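Engineer:
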Ligand code: NDP
Ligand code: 2IT
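Residue numbers (this note's numbering): 9 to 453.
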């Protein structure tokens, strides 16, 4: 058995009940064979097993009182995965499916993604098995306050800087920040990112993941001499990432035919009316089906993965992990898809990803193509440290540079290690080397 195979076996045995985490580790590690061969120092330092073990995992009780006066208990988590390159950094997910396996996969991915941004940030993820759906503002506030009452002692602008993810947006970040400030007595704006602009947030953070995804997609299309304008797309999800993917796609002349939430998708033959979708989802917090009220030509189709049955040039999975399975990938290919561009984290199952690549479909790996969000979180941290604020245009210009650099770095790493044009391998290798080298330089910590 090679060192790589042995490490994968050990990691699988040690994390036997964590399928999402094992999936994420295997996907990264299978790109690393030529790297391990050329760098015997990595084996000597047993870097693979070290890099797959979180530095610290905090699990805690989150008791809170609902509007009926009942006391509810949720489970909170913070996984400080890797701090070699900077303070731990990564979002919170509030969703009933949250568990250790999902947060470990997200923390692992975040570590590598964050290194691709070129900014000095480590990797983390956290959250709770709390379901924000149907909760009042007061309930969300009490939950966030209880969550932060434990968490505040573990985070800080130079320690660990959380942000949003599924179920956590600017409203939740506000409640979390308020409680942190109350408990510490300090206005440490750099402790959280994704804040509202009025108290230390950054212009362009809300848009950054979706816009960055389109900048990365554009770089890939240009490299392959394919025109983006005039293409059709479908986007799964209708949250933060999906909405701003839709905004920039439309701006680039792509017709967005459909978007979804966990109940199903809406298809609009005229192209999704993106401002109306933003109003519905971001302002009114409605369900996607309500889009039909003002858009009589649109139709609603129930079901989680049915959106992938639609014919389109580009698929943008922007909802959650393992959204495109093999069956969905086969359907997309039958319908002539050109590219799958990942906005969500690990949205494509491993067999679906392999199938798409074998079929010659262009694929942007999530840890590279959705890195725009955390990149601008790092820019928000910079502004907070300097006590200055940049304009939207300044931030957007930085985002473009970062996404183009990530594209170039992934391609260069892929070519250097014999994978040709494989952006998946390139992203895994480029990021692994950065994190591994930072760890090596700091000894055996
Ligand atoms: P939001 O909570 O804003 O939106 C999530 C969207 O995905 C909603 O439309 C939701 O539908 C849908 N969704 C969530 N869970 C499921 C599920 N199990 N099955 C089907 N649909 C689901 O989250 P974000 O837009 O912030 O995050 C979307 C993805 O992007 C996640 O994978 C996240 O990790 C990733 N990401 C987020 C970044 C950010 O800055 N926010 C940065 C980089 C990646 P419903 O409302 O019905 O639940
Ligand atoms: O998956 C992600 O990159 C995020 N949810 C954003 C994390 C951040 O710290 O901005």
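We put the beta carbon where it would ideally sit given N, CA and C, even for glycine.
Predicted model only: the values in this text are computed from it and were never measured.
Quick check on the DSSP output: what are the complete alpha helix (DSSP H) runs of length 4 or more inside the stretch 20-69, in order along the chain?
Structural biologist: Fully enclosed alpha helix (DSSP H) runs of 4 or longer: 27-37, 41-46, 48-52, 55-59.
Engineer: Rounded to the nearest angstrom, what separates residue 439 and residue 130 at their Cα positions?
Structural biologist: Taking the first residue of the chain shown as 1, we reach residue 439 at position 431. Taking the first residue of the chain shown as 1, we reach residue 130 at position 122. About 12 Å.
Engineer: Need the endpoints of the alpha helix (DSSP H) that residue 147 sits in, please.
Structural biologist: In the chain shown, counting from the first residue as 1, residue 147 sits at position 139. For residue 147, the enclosing alpha helix (DSSP H) stretches over residues 145-159.
Engineer: I need the DSSP call for residue 434, collapsed to helix, strand or coil.
Structural biologist: Here the question's residue 434 lines up with position 426 in the chain shown. Residue state, collapsed to three classes: helix.
Engineer: Can residue 385 be considered in contact with the ligand 2IT, in the sense that its beta carbon sits closer than 8 Å to one or more heavy atoms?
Structural biologist: The residue given as residue 385 occupies position 377 in the chain shown. Distance from the C-beta of residue 385 to the nearest heavy atom of the ligand 2IT is below 8 Å.
Engineer: According to DSSP, what are the bridge partners of residue 168?
Structural biologist: Translated into positions along the chain shown, residue 168 becomes position 160. Beta bridge pairing from DSSP links residue 168 with 96, 164.
Engineer: Tell me where the beta strand (DSSP E) around residue 244 begins and ends.
Structural biologist: Mapped onto the chain shown, residue 244 falls at position 236. It spans 240-244 - the beta strand (DSSP E) in which residue 244 sits, taken as one unbroken run.
Engineer: So, with DSSP's three-state summary, where would you put residue 349?
Structural biologist: In the chain shown, the residue the question calls residue 349 occupies position 341. DSSP places residue 349 in strand when its eight states are reduced to three.
Engineer: Comparing C-alpha positions only, which one of 242, 132, 291, 51 sits nearest to residue 343?
Structural biologist: For the purposes of this step, residue 343 is taken as the residue at position 335 of the chain shown. Closest option to residue 343, Cα to Cα, is 242.
Engineer: Are three or more beta carbon pairs between the stretch 106-121 and the stretch 75-88 nearer than 8 Å?
Structural biologist: yes
Engineer: Go ahead and pull the three-state DSSP assignment for residue 87.
Structural biologist: Locating residue 87 in the chain shown gives position 79, counting from the first residue. DSSP places residue 87 in strand when its eight states are reduced to three.
Engineer: Give the range of the beta strand (DSSP E) segment to which residue 264 is assigned.
Structural biologist: Your numbering for residue 264 matches position 256 in the chain shown. Unbroken beta strand (DSSP E) run through residue 264: 263-269.
Engineer: Check whether the stretch 362-378 touches the stretch 261-271, counting contact only when three or more Cβ pairs, one atom from each stretch, lie closer than 8 Å.
Structural biologist: no
Engineer: Relative to the ligand NDP, is the shortest distance from any of its heavy atoms to the C-beta of residue 327 smaller than 8 Å?
Structural biologist: Here the question's residue 327 lines up with position 319 in the chain shown. Yes - the ligand NDP has a heavy atom lying nearer than 8 Å to the Cβ of residue 327.
Engineer: Check the C-beta distance from residue 330 over to residue 354 and give it rounded, since I have them as a contact under 8 Å.
Structural biologist: Sequence index remark: in the chain shown, residue 330 carries index 322 (1-based). Sequence index remark: in the chain shown, residue 354 carries index 346 (1-based). Rounded, the Cβ-Cβ distance is 7 Å, consistent with contact.
Engineer: Expressed to the nearest angstrom, what Euclidean distance is found between the alpha-carbon atoms of residue 422 and residue 102?
Structural biologist: Looking up residue 422 in the chain shown gives position 414. Looking up residue 102 in the chain shown gives position 94. Spanning the two alpha carbons is a distance of roughly 35 Å.
Engineer: Using the Cβ count rule (16 or more neighbours within 10 Å means buried), how would you classify residue 146?
Structural biologist: Counted from its first residue, the chain shown places residue 146 at position 138. Exposed, because fewer than 16 other Cβ atoms sit within 10 Å of the Cβ of residue 146.
Engineer: Between residue 249 and the ligand NDP, is there a pair consisting of the residue's CB and a ligand heavy atom that are separated by less than 8 Å?
Structural biologist: As a working note, residue 249 is residue 241 in the chain shown. Yes, the beta carbon of residue 249 sits closer than 8 Å to at least one heavy atom of the ligand NDP.
Engineer: If I measure Cβ to Cβ from residue 347 and keep anything under 8 Å in the same chain, skipping five residues before and after, which residues do I get?
Structural biologist: Start at 1 with the first residue of the chain shown, and residue 347 comes out as number 339. So the qualifying residues of the chain are 225, 228, 229, 321, 322, 323, 369, 370, 371, 372.
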